[in-house]
Amino acid sequence: MVTAITKGLSLAHEIYADRGKRVRELRKAGKKALGYICLYPPVELITALGLVPFRIFGDMSEPITAADRVSTTVVCPFLRSIIDLGLKGKFNFLDGIIGAHTCDIGMTMIIAFRDSSIETPFTHFIDVPHTDQASAVDYFEGQLNSFKRHLEEFAGEKITDDKLKKAVELHNKQRKLVRDLYDLRKSDPPMLTSMENLEIMVSLFSLPVEEGNDLLEEVIREVKVRKVTPSKKKARLLVWGPVFDNTSLYELIENADANVVVDDTCVGTRAFWADVKPPYDLHSIAQRYLVDIKCPRTYRQSEPGEIKRDYDKDLDSRFNYIKKAVTDWHVNGIILQSVKYCDTHGYEVPNLRHYFDKLGIPNIYIEHDYSERSLAPIKTRIEAFVETLG
Amino acid sequence: MLKEVSRLFFAGIDIGSTMSKAVIVDAAGVMRAYVVGPTGAEHRRRANKVMEDVMQKAGIILDEVAYIISTGYGRVNVPFADKQVTELTCHARGVSALFPDVKTAIDIGGQDAKVLKIKNGKLIDFLTNEKCAAGTGRFLEVAAETLGLDLNEMGRISLQTNTPVKINSLCTIFAQQEIISRLSEGQPLPDILAGVYIAVTTRVVKLARQLKVEPPVVFTGGVAKNVGMVKAMETVLGMPVLVPEEPLITGALGAAILARDQAFRLVQDGRLEMKKKELSEAYIDFVEKDR
Amino acid sequence: MSETSTPAKTEQKKAINRLKSMYPLRNVVQQDYINTLQASNEGKPTVWAMLNYWEGDLPLKAMGLNIVYPENYSTLLASSGSAEPFLDASDSDGFPTHMCGYGRSTIGYSYRMMKENNGKIPPDAPLGGMAKPALLVGSGIICDARFKWFQALARYFDAPEWCLESPMMAVEEGTEPDLDSYQVKFLVKQLRDFIAFLEKLVGRKMDWAKLEELIDLTVQIHETTWQISEMRRSIPGPMHSVDFWSSMPPALFLAGDMKVSLKCYQDMLEEVKERVRNKEAAINYPERYRLIFAELPPWHSLKFFDKLAEMGWNFVMESFGYHPPRPIDVSKYSDPCEKLARLSRNFMFNIYSEAKQDGISNAVVETYLKMARDFKADGFFLHPLISCRAASCSLRSVQHFEMERLDVPSLWVEGDIIDKRVFNPQEVLARAEAFEQTMDHYRKVRKSKGLDW
């Protein structure tokens, strides 16, 4: 039976349900794919060699059975899930895994895999400095150079300046398309739900960059002309926090009579907001990743080497990009979410909430443990929060 | 003073994890009847039962109930409800109806605890604990079981002392062991019991302090009926607390009042029809206040 | 071995045979707090610093600044039983409760100082407390909390913060031949930036000669402490972990007058050598088992080790994070910043090559494997903490590899650095008794495999 070719939103939905499918197909056809965590391994370097970058996530529905051999329980449950999946061989369909010094536990992932019995033909660890100073960017560039050489060895070919430039252009194009997609949620009601958006984001992390760009172009076309849109709701929310990679969480919020219209998470805007600037060389790549990605794991201050810290100025310099999003997307409430045991985000929460309080934006902090059963108590709190906005 | 007018009623149903409650209010927002009973396993049947019971007590029939709001843990299992609202919003509303100046509400249930910050009758912020038994009624039940006492007895006995024993254990299970140790050490029973109440209260007040406790403070939940808990709460907070006559029903009461408000708003918007004779003075009065 | 009868508990003697030379070292730190408070009362600025493996300490000291270490101060709060009001204060200001006990204590301290005591030291703070900071020096090594929680303190203090960089890597990438060239360059550059910042903040120039002198003293101190550690290989173990924890701050935090510290450590080396000559043990009971402790001690319950000592358990080595490695020779570098960068970096990097050779990617695991061999450990006492991920996350791997490579068993005891409510001493003692049988068994296994302990 001949079926129509799935594309656009339906394709995103399909990919979200089985993320590894396309990579498995491509590998059969002779391509190689490398897994990576978080936002810091530069995907341009992988794409430049004709390899497929595949971002690794955890699985909220998979019970942890293997991670306890290498990790204690009081660690980030998202990363614990990744370690668990890895030890169970769930990433064996990839040709290698790239880790980085993203945060304390993120750092341990690649070490845990190397010290275990799982077979991974290629692994690499990228050290990411903690500050965004010029000297740190240079150091990070050195790390990327090392990574580049290792990749070249693995792929058996060099990354020429031209290949790199092409790869950067493709990924920058994707970032622009994502920003265009997010623009479609500025309207009231937004043109797509946050669940649909997440499925698209997750799909982008599961496809070669050109296929991701095609998907985005098709989705934008579809959404612009759709007749049935999400319903208009009083609450227009921004969701902030670390990895939020499952639609069930967004669904919970939207079922509580709210529309999530924009986010500041790493499976959302943090990954796509900033472009690599010209010249498209290793240094500008290092600059984009270390300095332009806004994540609490990097230490930022309003003025490097300031001899006095003004609380309000510090908060504004670090977070005014969120203020801008609130304005541009007409947001009237913010849900800060984080996983239990996350230090980088946990220490940020009280001051960030202060910032939002001072701006008069209602906000709530939800902590979950990245599992399906932690959702029920969150549901009531989110509903109550939305009720206070009404 | 709003007059009692036409037969127009509103219901709030609160299906909690241990207890179910229902409240009927009239068009003036005055409570006409309430019912409290154990929830059990079957939420839907329980919802029907409490609704029937409360209507019987109020002497009304379903046709006379214009709007029903369900709340609580089992609120999704009330098929005849017109709307579901969280127990957090409902408690805030109910407590404000009883104590209009309230700023902080602390509710300790059988399995959870809530702290609500209220301004002009509206919920503005909240915190909950539903993970740890140590700050809930469960802790008291465990203590009662351990000592072979009735919960009310426990409360009365604890009032005999002003020197509570410090219970250190974070965990309800360890606390059980600690209680037994203290007994065998020869600590007086009233002191131990007072210590148990202080332990539960301290846990909850810790949560409350994150929202900055402002008086007047209202204390609700089944546990608020216990004299020992009330004393502990006032001691730990360092301020008096107000306890409603029936501290279990504030959620259902709030739901019922919200049902009334919601119904009247829908009539205003033209989305709900009420026959002319039902447009009571109470409704007109509501519209005036709401402007 | 296991036929030795348990010593009678009726004796009045102390269980642990404490080194006389420990006390002056412990006093160095206590005195330093007092001196710093005095200096602050005279208007001199106080710096709050995280443990930064000398990278930040030495420039600060060379500039004549007084430093207190909140991480160290928190252990005092814990061991004196005064931590609770500070922990509660942190919770009440909205900080997640699963955060580091040191972090919670410090945040709570800052809250109580600024919001409850009008900028004055809370009256119940032990040892007179910590003066209000004029500068916060965070560090990226070991864990993220150590620059994030200082960042969060902006809500209480207008003191600026500097985040020191210290790389931590997997051993494979950490041993790449060309890493040195640009990594050291990076560390040197950021040290120079740090010094320029200090000069601007304090309004005077760096005393480079002083810095060189302090670097030299550091090398001498660490050479001495390394020798003390080497002496502890002796059977029976001459120095107990509790003595180490009490005496290590001057070497780790470089608190106080370093010339005084050096002399104290030299005295300690002599005392330990004497004990080795006389085969004198660190416990006043026959040494039945040699234990290694990882990672951070239960500061709130150090008396607990007395009970274990009564059972003949001698804790002969511990806590890799607190041991400065044998100092590398930096005399050939002319730039003091380069000397400092290399010395500091060596803390993490010293074991990378060995780990790589052994096929272990986790440097912490390799360190403990080496320890087990060198100190002939019968067992590991692993203490994962509910509030510290960095010091706990490798422990499962340590447990696994100690068993797989060396047939050394581990006792897994959960607890916390500050919060004593999580630690259950009765339960642990019961398990310890059973663990003795495990240790006996694996002694036999090791012997049968040709290992010599």
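Residue numbers (the working numbering), protein chains in the order written: chain A, 1 to 390; chain B, 1 to 291; chain C, 1 to 453.
Don't be surprised by glycine CBs; every beta carbon is placed ideally from N, CA and C.
> Nearest CA to the CA of residue 36(B): which residue from 28(B), 184(B), 16(B), 26(B)?
Replying inline: 16(B)
> How would you call residue 196(A), buried or exposed, if buried means at least 16 neighbouring beta carbons within 10 angstroms?
Replying inline: buried
>> Output needed for residue 149(C): all residues of its chain with C-beta closer than 6 Å, excluding positions within five of it in sequence on either side, in chain order.
In response: 103
>> Would residue 216(B) and residue 103(B) qualify as a contact pair, given that the criterion is a beta-carbon distance under 8 Å?
In response: yes
>> For a test of the three-state rule: what should DSSP assign to residue 299(C), helix, strand or coil?
In response: helix
> Is residue 294(B) close to chain A, meaning its C-beta is less than 8 Å from at least one C-beta of that chain?
Replying inline: Chain B is shown only over 1 to 291; residue 294(B) falls outside these bounds and no answer can be derived.
> Using 8 Å as the limit for Cβ to Cβ distance, is residue 346(A) near chain C?
Replying inline: yes
> What are the residues of the stretch 76-91 of chain B that lie near chain A, defined by any Cβ-Cβ distance shorter than 9 Å?
Replying inline: 84, 85, 86, 87, 88, 89
>> Closest to residue 167(C) by C-alpha separation, out of 232(A), 46(A), 177(A), 101(A), would be which residue?
In response: 101(A)
> Looking at the structure shown, is residue 138(C) part of a helix, part of a strand, or coil, going by DSSP?
Replying inline: strand
> Per DSSP, what kind of secondary structure is residue 311(C) in: helix, strand or coil?
Replying inline: coil
>> For the stretch 189-211 of chain B, list every residue whose C-beta sits within 8 Å of some C-beta in chain C, in sequence order.
In response: 206, 209, 210
> Any beta-carbon of chain A closer than 8 Å to the one on residue 66(C)?
Replying inline: no
> Skipping 5 residues on each side, what residues in its chain have a beta carbon closer than 6 Å to that of residue 124(B)?
Replying inline: 117
> From residue 188(A) to residue 323(A), what distance separates their C-alpha atoms?
Replying inline: 19 Å
>> I want to verify the contact list: residues of chain A whose CB lies under 8 Å from the CB of residue 128(B), in sequence order.
In response: 377, 380, 381
> Between residue 24(C) and the rest of its own chain, which residues show a CB-CB distance below 6 Å, the 5 nearest in sequence each way excluded?
Replying inline: 264
> If the cut is a Cβ gap below 7 Å, which residues of chain C does residue 169(B) touch?
Replying inline: 421
> Does the distance from the CB of residue 250(A) to the CB of residue 290(A) come in under 8 Å?
Replying inline: no
> Looking at C-alpha atoms only, which residue of 180(A), 359(A), 225(A), 314(A) is the closest neighbour of residue 273(A)?
Replying inline: 180(A)
>> Would residue 15(C) and residue 243(C) be called neighbours here (beta carbons separated by less than 8 Å)?
In response: no
> In or out: residue 62(B) buried (at least 16 other Cβ within 10 Å) or exposed?
Replying inline: exposed
> Which word fits residue 260(B), buried or exposed, when buried means at least 16 other C-beta atoms lie within 10 angstroms of its C-beta?
Replying inline: buried
>> Using 8 Å for Cβ pairs, my map puts residue 194(B) next to residue 240(B). What's the rounded Cβ distance?
In response: Not really, about 18 Å apart at Cβ, beyond 8 Å.
> When DSSP labels each residue in this structure, what does residue 96(A) get in the three-state scheme?
Replying inline: strand
> In terms of DSSP beta bridges, what is residue 415(C) paired with?
Replying inline: 385(C)
> Based on Cα-Cα distance, which residue from 77(A), 119(A), 156(A) lies nearest to residue 65(A)?
Replying inline: 77(A)
> Could you check where the beta strand (DSSP E) with residue 239(A) kicks off and where it finishes?
Replying inline: 235-241
>> Run through the DSSP bridge pairs and tell me what residue 38(B) is partnered with.
In response: 19(B)
>> Residues of chain B with CB closer than 7 Å to the CB of residue 257(C), please, in chain order.
In response: In chain order: nothing, as chain B lies at least about 40 Å away.
>> Assuming the contact rule is C-beta atoms closer than 8 Å, residue 175(C) and residue 352(C) should be a hit. Round their C-beta distance to whole Å, please.
In response: 5 Å
>> 8 Å is my cut-off, CB to CB: does residue 88(C) come that close to chain B?
In response: yes
> Curious, which full-length alpha helix (DSSP H) runs of at least 4 residues does the stretch 127-194 of chain B contain?
Replying inline: 137-147, 151-158, 172-185
>> Could you tell me the alpha carbon to alpha carbon distance between residue 301(C) and residue 242(A), rounded to whole angstroms?
In response: 36 Å
> Under 7 Å Cβ-Cβ, which residues of chain A neighbour residue 357(C)?
Replying inline: Those within 7 Å of residue 357(C) in chain A number zero; the least Cβ separation is about 14 Å.
>> Please identify, using Cβ separations under 8 Å, the residues of the stretch 243-267 of chain A that lie next to chain B, in order along the chain.
In response: none
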